[in-house]
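In the order they appear, the protein sequences are chains A and B. Just so you know, we're using the numbering used here here: the first sequence kicks off at 1 and counts up by one. Just so you know, we're using the numbering used here here: the second sequence kicks off at 1 and counts up by one. Cβ coordinates follow ideal geometry from the N, Cα and C atoms, glycine included. Okay, structure first, notes after.
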Amino acid sequence: MNASLRLSRASLRAHRRRFAGTFLAVFLGVAFLAGTLVMGDTLRASFGTMFGEATAGTDAVVRGADAITAPGQGQGVRQPVQTSLVRTVERVPGVAAAAPDIEGRGQLVGADGRPVGGQGPPTLAGNWITDPRLNPYRLAEGRAPARSGEVVVNRGAAKKAGLRIGDTTTLRTPDPVRVIVVGLATFDGQDGMAQVTFTGMTQADAERYLTARPGQAAAIDVRAAPGVGQSELVRRLNPVLPKGVEVITGQQSARENTDMISGQFLTLFTTFLLVFSGVALLVATFSIHNTFAIVVAQRTRDNALLRALGAARRQVTALALAEALAVALTASLAGLAGGIGIAAGLQALFPAIGFPFPDGELVIKILSMALPFTVGVVVCLASALLPALRAGRTAPLAALRETDVDTSGASRPRAVTGATLGALALAATLGGVLVTPSVWLAGLGALLALAAFVVLGPVAATTVVRLLGRPLDRLRGVTGGLARRNALRSPKRTAATASALMIGVAVVSLFTVFGASLKATMDQTVSRSFAGDVAVSNPSFGAGGSGLSPRLAPALNRLPQVDTAVGLGRGVAEVDGRGRALTVTDPAALARTFDLGTVIGSLRDLGTDGIALTRAEADRQHLRTGDSARLTFTDGTRETFTVRAVYGRSELAGDYVITRAAWAPHRTQDSDTLIAVTFKHGVDADAGKAAVKRVAARYGNPQVQTRGEYAQSSAGGIDMMLTLVYALLALAVLIALLGIANTLTLALHERTRELGLLRAVGQTRTQLRAMVRWESVLVAAFGTVGGLGLGTFLGWVLVKASDGASDTAFAFALPPTRLAVVTLVGLTAGALAGLRPARRAANLDVLRAIATQ
Amino acid sequence: MTTTTALRRAAAGVTDAVKVYGGGDTAVRALDGVTVDFPAGRFTAIMGPSGSGKSTLMHCAAGLDTLTSGTARIGDTDLGALDDRRLTLLRRDRIGFVFQAFNLVPTLTVAENITLPLDLAGRRGDPAWTDALVDVVGLRDRLHHRPSELSGGQQQRVAVARAFAGRPDVVFADEPTGNLDSRSGAEVLGLLGRAVREMDRTVVMVTHDPVAAAHADEVLFLADGRLVDRMAAPTADRVLDRMKAFEVRS
């Protein structure tokens, strides 16, 4: 073994403690990354298997050939097929069975009167396919629906709803339907397809409630006779299908479904997690760099001695890097094991919290091991590179010199570089945000701002810590004073330690500020655009929920208190070749309950061939009132519409508006997403709301909210997201804290003799512990304050950039309470990080400490 | 001379002090039954060859280390009866220390270092007294400097001032001139002597330097953990002769 390696091995063994923090930082980052990847692959594979298994009996799927997808919608809307086609299909030789597959949205109401699901995954209803091999669901208990009103519910949904066989409840289709549960179903042996709820009805019920008109189905599932392969079946079916209808194999259909779930849900989910592992690893970089820098500084004498004895620069550098490599390799390997552990743990945990994580082996791909491993090793080595080079540059004479504390940091070049970076950052962001809105320029500015903060850290450390520590002197006397001065000892080190926490806190504050701004934006949107008195809606998220009964708005209109009740339905069509979401409503009433801004033309007489659109869309498509636009609907029909009005604000009304009459011939399952109600003059708001509530109760009991309540609940999803973000960022903050604790331990090690002296001249253990803890709090405070500043700035940039990039006017808001909580958490965390080093320092033996060289 | 010593009140002392390091075959008896009083208002030096137990005696008498058996006292207080906290408070309030090196906290100024024990106790002390001390040690123009800006001799003078700042019962000095040149060393020793004779303080000093020991009122000689001799009104030559006797014997 070569000399450098032997030395670094000996050093690692002797200073295992010093590298514990580095090890943990790399370990946590790699474990999180690997866990995310393994979990993603496993989920993807199990969904694939699940679909494959559940739909194994379906050999071909007949469906509409074209799908229209509006931007932002994951899944396109296909033209329905006629159920009469089933008979044609059944007559094709090689077909054993065929069944229509009617699918729509249907949300169950639980035993407690609350809707089930709707917070993300779809809430589906369909016909219960009687051929058990064509039905992806299996009857687990009870029987299949035989009469109108009878339904089978997937077991997971029934559990959540508190429903048992024989119970009666409401199914919102969105028209409320009284249903009795006669059976419970499973999906490939599980309680359900993840969190998706499914209600199976008789075919007649499904046609009646879930389709625009009877005789339509989303698809026809076909089973082949023995000896006929899937592609053979497709070949035989193709000639009998009418125009606009296609057939694909069962395998292809399963794959499409899997891809859809992967694409819509899993990819988003894993990307989200990967971003946060990235943040955690970035934070780790700072911690690791700091540890190595300190270790190298502390070993100046050893390194100088080596150099004096004839070691080449390269050898000393190699020595330091070899140590880093050893830590990197072991920590990354352990991290991989940890990641697999995390994935396995989640696999076990998910079912316990009602999320059926499909069974099966963990899928561990080479990439999901190689990537985190490489990232871990590279992060660790890159962080150690500069300190290692510095070690190599140690002058042999340094062995003879008294090593003094590194007080550099506030050097002039650093201040100049930092200030330049800061100025550039400011210029780029302001340019990108205010002058010529550009997300790229703003992003560049944000990146430069981060760099400026990191470079300027040591310069700012002295001033900021002195300022932050001022109250300490007064409150804590000599203990506080000592803590403050210790934190000021090496501004570079303090800044580097704090940088890790700063980045964590910055990301937290960024999301906090952005979340608050989004809320304020919604609030502003509602208060500006919504001119109604109450809003009726079914709070839902993602693909869940089933909207409002289309019969509710007319019913409300009949109330004596109500002036106008206008329902906003949604439709989809291709406008001049591009998929667009349509708002289906009564445009004249819309203009009375919503502030649409400046309207050119008239919304009164759109008729069956008129369309209204927003200013922004009109500009983009070069359309003006009087121009014509070609609309293609999901049923395949093409019609020419005339632009009759262009309005200013789209926030709640949507970009395209057509009348119910124009939509009726092409409609799919009918529902409104929102009903805006204005009361007649002189009607008391509470009385009006109560009257609306009474009527709404008969239509699936949606929420009736005043304008303020509606604005607040619209923003409810944001809080949920924020909570998730906070939970994920906890990892980054944890790594930052490990960094603080580690640096502190190393620094205290350097100060052993001083600690001994303090104890000898009468500092009590309690005072010493307090001194160390306060030092830790000060460093944390510095990082927290920096992070708050940076995060708030980046939040502002993000809000302004979003403002420039979208038609919606974004509001910027600072949430004082939340930011105060972030600060408090940062400080508390600092105190916690100081606990262990403080205890270790206080337990030093006084005499031995004084005698330390 | 011995009679006057006996009549004086003891500021500190040990009785039948035994200190054993380690155990079994490798056990070392650093102190082997030492009984000695350090009279108040006197400057006592402890001498002996390396390994004689002189530092151990000082550490145990000062409450930095605990005896294996026997008792150590500061005034009337039995140190063996105190827990770590009380010992710390006792060191803070009733004992002053001057170590060989690294006496000062680098982040504190000279003035802050001097009042450190008082500040730790949350006491204001006696400003007139500390002020007088600053003049005695001659550091008035250096009060706001950091230790790193002082010479070794100046640093030790600050340490002396700190040791006396709280008017302790006794000041223990552990080789206070070990790292200094002879001139700086003489200054520090002169300060310790003045404190005893002009301010009626008590000093116990461990040293291996006969010249330093000559500044004391009395020299105690330790060998192999035992008190073997004492010498009143020492001179450097007499101390050196006595020390040579140890070498001849061993």
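Top-ranked residue by Cα proximity to residue i, from the options
| i | options | result |
| --- | --- | --- |
| residue 595 (chain A) | A:553, A:569, A:567, A:526 | A:526 |
| residue 557 (chain A) | A:339, A:549, A:566 | A:566 |
| residue 341 (chain A) | A:35, A:683, A:846 | A:35 |
| residue 198 (chain B) | B:88, B:133, B:163 | B:133 |
| residue 642 (chain A) | A:630, A:344, A:634, A:636 | A:630 |
| residue 600 (chain A) | A:607, A:591, A:608 | A:591 |
| residue 297 (chain A) | A:280, A:56, A:386 | A:386 |
| residue 41 (chain A) | A:362, A:678, A:530 | A:362 |
| residue 606 (chain A) | A:658, A:437, A:632 | A:658 |
| residue 251 (chain B) | B:40, B:207, B:163, B:34 | Given that chain B is displayed from residue 1 to residue 250, the structure contains no residue 251 (chain B) and the question cannot be resolved. |
| residue 167 (chain A) | A:176, A:347, A:109, A:137 | A:109 |
| residue 263 (chain A) | A:136, A:77, A:44, A:384 | A:44 |
| residue 439 (chain A) | A:836, A:778, A:801 | A:801 |
| residue 588 (chain A) | A:276, A:610, A:494, A:777 | A:610 |
Spatial neighbours of residue i in its chain, beta-carbon cut-off 6 angstroms, leaving aside the 5 residues before and after
| i | result |
| --- | --- |
| residue 154 (chain A) | 185, 192, 198 |
| residue 203 (chain A) | 127 |
| residue 29 (chain B) | 20, 225 |
| residue 813 (chain A) | 516, 517, 520 |
| residue 47 (chain A) | 258, 261 |
| residue 55 (chain B) | 206 |
| residue 281 (chain A) | 29, 379 |
7 angstroms Cβ shell around residue i - same chain, five flanking residues per side excluded
| i | result |
| --- | --- |
| residue 160 (chain B) | 98, 137, 188, 191, 192 |
| residue 246 (chain B) | 49, 223 |
| residue 97 (chain A) | 131, 134, 223 |
| residue 237 (chain B) | none |
Residue i vs residue j beta-carbon contact at 8 angstroms
| i | j | result |
| --- | --- | --- |
| residue 379 (chain A) | residue 219 (chain A) | no |
| residue 151 (chain A) | residue 116 (chain A) | no |
| residue 171 (chain A) | residue 125 (chain A) | yes |
| residue 146 (chain B) | residue 106 (chain B) | yes |
| residue 203 (chain B) | residue 211 (chain B) | no |
| residue 706 (chain A) | residue 680 (chain A) | no |
| residue 741 (chain A) | residue 21 (chain A) | yes |
| residue 582 (chain A) | residue 656 (chain A) | yes |
| residue 99 (chain A) | residue 129 (chain A) | yes |
Sequence-distant residues of its chain with Cβ nearer than 8 angstroms to residue i (five each side left out)
| i | result |
| --- | --- |
| residue 512 (chain A) | 722, 791, 795, 815, 818, 819, 822 |
| residue 317 (chain A) | 388, 389, 391, 392 |
| residue 381 (chain A) | 321, 324, 325, 328 |
| residue 26 (chain A) | 284, 288, 327, 328, 331, 332, 335, 376, 379, 380 |
Residue i (DSSP reduced to helix, strand or coil)
| i | result |
| --- | --- |
| residue 843 (chain A) | coil |
| residue 19 (chain B) | strand |
| residue 99 (chain B) | coil |
| residue 240 (chain B) | helix |
| residue 521 (chain A) | helix |
| residue 261 (chain A) | helix |
| residue 16 (chain A) | helix |
| residue 515 (chain A) | helix |
| residue 85 (chain A) | helix |
| residue 750 (chain A) | helix |
| residue 623 (chain A) | coil |
| residue 285 (chain A) | helix |
| residue 170 (chain A) | strand |
| residue 251 (chain A) | helix |
| residue 117 (chain B) | helix |
Contact with chain D by residue i, beta-carbon distance below 8 angstroms
| i | result |
| --- | --- |
| residue 179 (chain B) | No chain D appears in this structure, whose protein chains are A and B. |
Problem - the region 40 to 66 of chain B: positions lying closer than 8 angstroms to chain A by Cβ - result: Of all residues in the region 40 to 66 of chain B, only 59, 64, 65 place a beta-carbon less than 8 angstroms from a beta-carbon of chain A.
Practice task
Give, in chain order, every residue of the region 73 to 91 of chain B whose Cβ lies closer than 9 angstroms to some Cβ of chain A.
Solution key: 84, 85, 88, 89, 90, 91
Handout entry: Short-range partners of chain B found in the region 739 to 762 of chain A, where Cβ spacing is below 8 angstroms
Key = 753, 754, 757, 758, 759, 760, 761, 762
Practice task
Give the residues from the region 448 to 478 of chain A that approach chain B closer than 8 angstroms (Cβ to any Cβ), ordered along the chain.
Solution key: 477, 478
Problem - Members of the region 289 to 309 of chain A near chain B, C-beta cut-off 9 angstroms - result: Going along the region 289 to 309 of chain A in chain order, one finds no residue with a Cβ nearer than 9 angstroms to chain B.
Handout entry: Residues in the region 116 to 128 of chain B having any Cβ partner in chain A nearer than 7 angstroms
Key = 116, 117, 119, 120, 121, 122
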